[in-house]
Amino acid sequence: MARLVLVKLVRAVATLLLVVTLVFVLLRTAGDPLLTLLPPDTDPGVVEVYRERWGLDRPLAVQYLLYLESVVRGDLGRSFRDGRDALEVVLERVPKTLELGGAALVLAILLGIPAGIVAALRRGTFIDRGLMILSVLGYSLPTFFMGVLLILLFSLTLRWLPSSGTGTFLHLIMPTLTLGTWIAASLSRFTRAAVLDVLEQPYMRTSRAKGLTRLGQIMRHALPNAAIPVVTLLGFMTGHLIAGAVVIETVFAWPGVGRLTVISVAARELAIVQAIVLLVAVSMVTANLAVDLLYGWLDPRTRNSPA
Amino acid sequence: MSSPSTHRPLVEASSVSCRFPIGPARPFGPKRFVHAVDNVDLEIRAGETLGLVGESGSGKSTLGRLLVGALPVSAGAIRFIGEDVTHPTPARWYALRRDMQLVQQNPAAALDPRMTVADQLVEVLDIHAIGARRARHDAAAAMLWRVGLGSDIMRRYPHELSGGQQQRVAIARALLVQPRFIVCDEPVSALDLSVQAQVLNLLQDLQSELGLTYLFVSHDLGVIRYLSHRIAVLYLGRVVEIGARHEVLARPLHPYTRALLASVPIPDPARPAPAPQILGEAPDPASPPSGCRFHTRCPLATDICRRFAPPLTSPTAGTHLVACHHAVAERSIRGAA
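So the sequence lines, in the order shown, correspond to chains A and B. For what it's worth, our numbering labels the leading residue of the first sequence as 1, then goes sequentially. For what it's worth, our numbering labels the leading residue of the second sequence as 1001, then goes sequentially.
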């Protein structure tokens, strides 16, 4: 087990190194950073001074190593606009994004997993069909449309909820509803498929032969086994949340990472975009690692496999 | 069937049918059903092994599951030691698990992949509150020992066992409740040939030690021949022939049984491969042929076969029963030739 964790860790670090390198290559191929940073009418002498100061006159390999070193130190450059540390700018947005993402994920789990289980257990019935139609609807309605509909209903017509911004629990409701139902829709389909798959396994017949009731069968054998793929999906979803829900944060003016991404891309804040990319990469890799380790716990079959 | 037997059969099926709904042939068409088991009469006597043989799709596994209450019966009745157990109350159904058990085909899939061997075995004892709680682990180990496994595998997961070990665990699992009747549904067909014999011998030993009664479902005549006291042949959900092993094997009365026996390959390259005696593929169980279900593939089929289903009767007034209009006639033809 310890060896397995070590292998996964090494793999995770290697993935991160790859992402960091990719970011470096992309930034260098995007053109001379000085020309994008400095005003177009800057004196060529001044450009050269800056080139030397920022080490851009050194060989590419040296620049790469220096860049790696600064990334490891957590120095991802500064915002052009106010000179603040890019990582700091991004990190102060993270709590808001996690607040929304976490609330939405909890809502999605509470809605989607029971719906998927019930649909699977009542396969082919009216209940199953109804739930799956809802799921298709929830998944295919674009979030910006759903968001705007909610704003129309609850903010403009009923005047119950604030249409945008953050601060109180009331602000959280509509963005959570929009993001949560969207995640719940795919989660319920996935859960249904996972449960159906398990129900057809011979060990379910065995558990019946043991004398377990239907409920006992489901609780002891069906759900723990169906949880394996569902937990995997949830892990990836969690890793994804840090990137923020770009569209939803924009619709509800939610001050999270997603909205920061939109603003920074528009303002060509390279350092901040780079920090966001790295942050997302780290969280995805971490989520992957967590899922892998969780998998070992959930599914004994993967414990001593060489992969 | 003729004279009231002195010892009651352990398990009795009378006119048992089981049908599954399948999709309509065309959209919005009438609902269709597959009669996986159709009007089957069967008796299994205490202490015997009844071999149930048939090709895939014949309904042999379905019949086995019906007899242990793992599937609901659509029509007919099942009796266990005289008691009607066709539609037991939940409490009675639960109690009956201690009398009748099931050993399935694919042992790797028949065990919960997330539970250790110990957990799966102890679970059975927990469900039925057998023995003191603390003694259950030891009881499980004792049962493993009985099926030829060391207690060192208690902490293992199913995927860490060989196929033979998995099936032994599955057998131990079934035996823990001390059942009287076990349906063995192709218990060795997923195993290596060398392991098959070991598991078959184990089942045989357990039978004589514990006085078990088996319904042994298999498509493999070699396995059936090895283990059965009596043999029943199933074709498209109906019993076409049933009798003592030596009768059915040495003097098969039904053309389908004869074809099955003739198709068993003989490991002798000098002998020519047997000529195929059954014509074509098995018909679609959703729309079985009229009359005798075998008539579409039978070399002896005549008009009566297409019209009327032959009853299961004995041409010799003995215990060897056959459902064929030509069973008697065929004998005389063979005698003349």
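Built from N, CA and C at the ideal position, the CB exists for glycine as well.
Item checked: Chain-ordered residues of the region 200 to 224 of chain A with a beta carbon less than 8 Å from chain B -> Gln201, Pro202, Tyr203, Arg205, Thr206, Ser207, Arg208, Ala209, Lys210, Gly211, Leu212, Thr213, Gly216, Arg220, His221 and Pro224
Length-filtered (4 minimum) alpha helix (DSSP H) runs lying within the region 270 to 298 of chain A:
270 to 298
query = How long is the line joining the alpha carbons of A/Ala86 and A/Ile272, rounded to whole angstroms?
reply = 5 Å
At the 7 Å Cβ level, is A/Pro300 part of the contact set with chain B, yes or no? yes
Query raised in the report: Can you list, in chain order, the residues of its chain whose CB lies under 6 Å from that of B/Ser1015, leaving out five sequence neighbours each side?
Result: Asn1039 and Gly1076
Given A/Leu150 as reference, the closest of A/Ser140, A/Leu134, A/Thr176 and A/Asp128 once Cα atoms are compared: A/Thr176
Any chain A beta carbon closer than 7 Å to B/Asn1201:
no
Requested in this report: Indicate, with yes or no, if the ligand SAM has a heavy atom lying under 6 Å from the CB of B/Cys1292.
Outcome: What this structure holds is no ligand at all, so the ligand SAM is not there to describe.
When we look at the beta-carbon of B/Ser1005 and count the other beta-carbons within 10 Å, is it buried (16 or more) or exposed?
-> Per-residue confidence for B/Ser1005 stands at a pLDDT of 44, beneath the threshold of 50, marking its modelled position as unreliable; the derived number appears in the next sentence. Looking at its Cβ environment, which holds fewer than 16 other Cβ atoms inside 10 Å, B/Ser1005 is exposed.
Exercise. Can you have a look at B/Phe1308 and say buried or exposed, based on whether 16 or more other CB atoms are within 10 angstroms of its CB?
Key: exposed
Please report the distance separating the alpha-carbon of A/Ala290 from that of A/Asp299.
14 Å
Query raised in the report: How about the region 1144 to 1157 of chain B and the region 238 to 245 of chain A: do they share at least three Cβ pairs that are nearer than 8 Å?
Result: no
Q. What are the residues of the region 1131 to 1159 of chain B that lie near chain A, defined by any Cβ-Cβ distance shorter than 7 Å?
A. Tyr1157 and His1159
**Study point:** Whole-angstrom C-beta distance between B/Arg1230 and B/Glu1055, which should lie under 8 Å
**Key:** Not quite, the Cβ-Cβ distance comes to about 19 Å (not below 8 Å), so this is no contact.
Check your understanding: Are the beta-carbon atoms belonging to A/Gly256 and A/Arg84 less than 7 Å from one another?
Key -> no
Could you please give the first and the last residue of the uninterrupted beta strand (DSSP E) stretch that includes B/Ser1151? Segment: none, B/Ser1151 is in no beta strand (DSSP E) and carries neither H nor E.
(request) Can you grab the Cα-Cα spacing for the pair A/Trp297 / A/Met219, in whole Å? (result) 18 Å
Nearest-angstrom Cα distance between A/Leu170 and A/Leu179? 15 Å
*With distances taken from CA atoms, which of B/Leu1191, B/Gly1059 and B/His1137 is nearest B/Tyr1235?*
B/Gly1059
Note to self: Just verifying my parser: in three-state terms, what is the DSSP assignment at A/Asp41?
What the structure shows: coil
Any beta-carbon of chain A closer than 7 Å to the one on B/Leu1102? yes
*asked:* Among the candidates A/Ala275, A/Thr97, A/Ala266 and A/Leu294, whose CA atom is the shortest distance from the CA of A/Leu172?
replied: A/Thr97
Return no unless some Cβ of chain A is closer than 7 Å to the Cβ of B/Leu1121.
no
Please compile the residues from chain A whose C-beta is within a distance smaller than 7 Å of the C-beta of B/Tyr1094. Gly211
ask   = Closest by CA to A/Pro224, which one among A/Gly244, A/Leu199, A/Thr213 and A/Ala245?
value = A/Leu199
*Ends of the alpha helix (DSSP H) at B/Phe1080?*
Careful: B/Phe1080 lies outside any alpha helix (DSSP H), inside the beta strand (DSSP E) at Ala1075 to Phe1080.
message = Quick check on DSSP: helix, strand or coil for A/Arg78?
response = strand
If we define contact as Cβ-Cβ less than 7 Å, is B/Asp1099 a contact residue for chain A? no
Checklist entry - chain A beta carbons: is any one of them nearer than 7 Å to that of B/Ile1127? => result yes
- Check A/Gly130 in the structure and name its three-state DSSP category. helix
Who are B/Met1100's beta bridge partners in DSSP? B/Phe1181
query = Can you list, in chain order, the stretches of the alpha helix (DSSP H) that have 4 or more residues and sit fully within the region 81 to 108 of chain A?
reply = 86 to 91
query: In terms of residue numbering, what span does the beta strand (DSSP E) encompassing B/Ser1015 cover?
result: Val1011 to Ile1022
Have a look at A/Phe252, A/Leu233, A/Leu196 and A/Gln274 and flag the residue whose alpha-carbon is nearest the alpha-carbon of A/Thr166.
A/Phe252
Could you give the C-beta distance for A/Arg214 and A/Gly116, rounded to a whole number, given that I count them as a contact under 8 Å?
Not really, about 18 Å apart at Cβ, beyond 8 Å.
- prompt: If you draw a straight line from the C-alpha of A/Leu212 to the C-alpha of B/Glu1123, how long is it?
  reply: 10 Å
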